[in-house]
Every structure is written in C-alpha cells, then in structure tokens.
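Numbering (the working numbering), first residue to last: 29 to 157. Encoded as structure tokens, the structure appears first; notes follow it.
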C-alpha cells in the first residue's frame, strides 16, 4: 500500500511514516516502478505496536530496541516486561513528587488565604513565594 493509504489506515501522517522509516522503526518500503513507497500489510501491525508502546510511555528508542529484538527472530517479551517495570518505577517516583508538590502548594495557598498586601516588605515581590 502507498504511504498515503497507510497513513490514513493508521491515523497518522505521511511525515510521521517517513520519520519512522528514517529512525528504523519501520523497514524501508519497497518502491514501485514510479517511485512510490509500497508498504506491506505487516506495516499496519508494526505501526499499531508503535502506537501502543508510545501510549504506555515508552520512548521511540525503546520501541526501536524492542522491534529490533523481534526483527532478529527473538520474542521481546522479557525485554518489554523490563521496560514496563522501569516505566512503573518512574511513574511512582513522579507521582510521589507531584503529591509532595501539591502539599507544598496547598501550604503556600493556606498561608496566603488571609493575604495582607500592605504588610509585605517592599524588598520582596511576595512573601508567600
């Protein structure tokens, strides 16, 4: 299928498909006699995997690595599990940091609840931050 057809079928753009090809996420497509890219039906599944990997928070580099393992004939399941474990650990850290930030912001807001602008020292922008 031509690049426009593949883009339409996968809900992406031709620019994205060219980028994925340049980055090694999609194999270089064969060319028709008139020079058009001619993608195989397997490209649909590969693009679906890329989309699902991105939705899980994997980077394109991680997705490329997983695809490389599969392309070498090996199942990448353990590698995928390890990447997902890393992603979960990172998310847990980010959540903890966001909770701490929220607590700090709530304290600052509470301190500013009864703001008295006339009592702010002139050498400070705002004493609540």
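Think of the CB as a built atom: it goes at the ideal place given N, C-alpha and C, for glycine as much as any other residue.
Buried or exposed for residue 81, please, with buried defined as at least 16 other CB atoms from any protein chain shown within 10 angstroms of its CB.
buried
To the nearest angstrom, report how far apart residue 52 and residue 59 are at their CA atoms.
The C-alpha of residue 52 lies about 17 angstroms from the C-alpha of residue 59.
Among residues of its own chain, excluding the 5 on either side of residue 54, which ones have a beta-carbon nearer than 7 angstroms to its beta-carbon?
45, 48, 71, 74
Just how far apart, CA to CA, sit residue 138 and residue 115?
34 angstroms
How far does the alpha helix (DSSP H) with residue 155 in it reach, from first residue to last?
No alpha helix (DSSP H) contains residue 155, which DSSP labels as neither H nor E.
Of all the alpha helix (DSSP H) runs that stay within the bounds of the segment 51–126, which reach a length of 4 or more residues?
70–83, 88–99
Kindly give me the distance between the Cβ atoms of residue 136 and residue 157, rounded to whole angstroms, as I take these residues to be in contact under 8 angstroms.
That pair is a contact at about 7 angstroms.
Please state whether DSSP places residue 141 in a helix, a strand or coil.
In the displayed model, residue 141 falls within coil according to three-state DSSP, outside both helix and strand.
Let me confirm a value: residue 127 is counted as buried when at least 16 other C-beta atoms fall within 10 Å, else exposed. Which label applies?
Per the 10 Å Cβ criterion, exposed.
Over what stretch of residues does the alpha helix (DSSP H) that includes residue 32 continue unbroken?
For residue 32, the enclosing alpha helix (DSSP H) starts and ends at 31–38.
Sort 92, 148, 67, 43 by Cα distance to residue 30 and report the nearest one.
67
Answer yes or no: do residue 97 and residue 107 have a C-beta to C-beta separation smaller than 8 angstroms?
yes
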